[in-house]
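Peer 1: Please see the structure below; I have some questions.
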Amino acid sequence: MQQKGVVPDFVLCIGDDRSDEDMFGVITSARASLSPIADVFPCTVGQKPSKAKYYLEDTSEILRMLQGLANASEQTAARNSSKFPHH
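Right, here's the structure in full:
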């Protein structure tokens with residue numbers, strides 16, 4: 324994304340095993356190269372020792388969180404489109 328001149332303002336990484344620890348480490352160390360306003364959420368599935376800052380209990384909780392994000396995104400898009408009417 325950065326090569327295209329786009330810097331993400333939201334990063335969500337979810338993993339459930341030891342191989343995902345590399346991803347959590349990379350995203351944590353890459354934090355400085357992201358936008359200063361970027362929200363970064365490294366999440367492991369299940370509470371266990373991890374480089375991830377957050378955890379979600381199971382796949383049901385992941386789905387609820389993703390649905391909540393989708394709903395919030397739709398509401399934000401609707402508010403923004405009403406502020407800037409199309410011609």
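Everything in the sequence shown is counted per my numbering, starting at 324 for the first residue and increasing by one. No residue lacks a Cβ here, since even glycine has one placed at the ideal position from N, Cα and C. Remember, predicted model here, so these are calculated numbers, not experimental data.
#1: Taking just the CA atoms, how far does Arg354 sit from Asp332?
#2: How long is the line joining the alpha carbons of Val267 and Val334, rounded to whole angstroms?
#3: Excluding the 5 residues preceding and the 5 following Pro359 in the sequence, name in chain order all residues of the same chain whose CB lies nearer than 6 Å to its CB.
#4: Going by beta-carbon coordinates alone, are Pro372 and Phe347 separated by less than 8 Å?
#5: Along the chain, where does the alpha helix (DSSP H) containing Ile350 start, and where does it finish?
Peer 2: Taking the definition as stated:
#1: Position 9 of the sequence shown, counted from the first residue, corresponds to residue 332. Position 31 of the sequence shown, counted from the first residue, corresponds to residue 354. Each residue's Cα considered, the two are about 11 Å apart.
#2: What the structure shows of the chain is the stretch from 324 to 410, and residue 267 is not part of that stretch, so it cannot be assessed.
#3: As a first step, residue 359 must be located in the sequence shown, where it is residue number 36. Taken in chain order, the list of residues that qualify is empty.
#4: Counting from 1 along the sequence shown, the entry for residue 372 is found at position 49. Counting from 1 along the sequence shown, the entry for residue 347 is found at position 24. For Pro372 and Phe347, no; Cβs fall outside 8 Å.
#5: As a first step, residue 350 is located in the sequence shown; it is residue number 27 there, counting from the start. Glu344 to Ser352 is the extent of the alpha helix (DSSP H) around Ile350.
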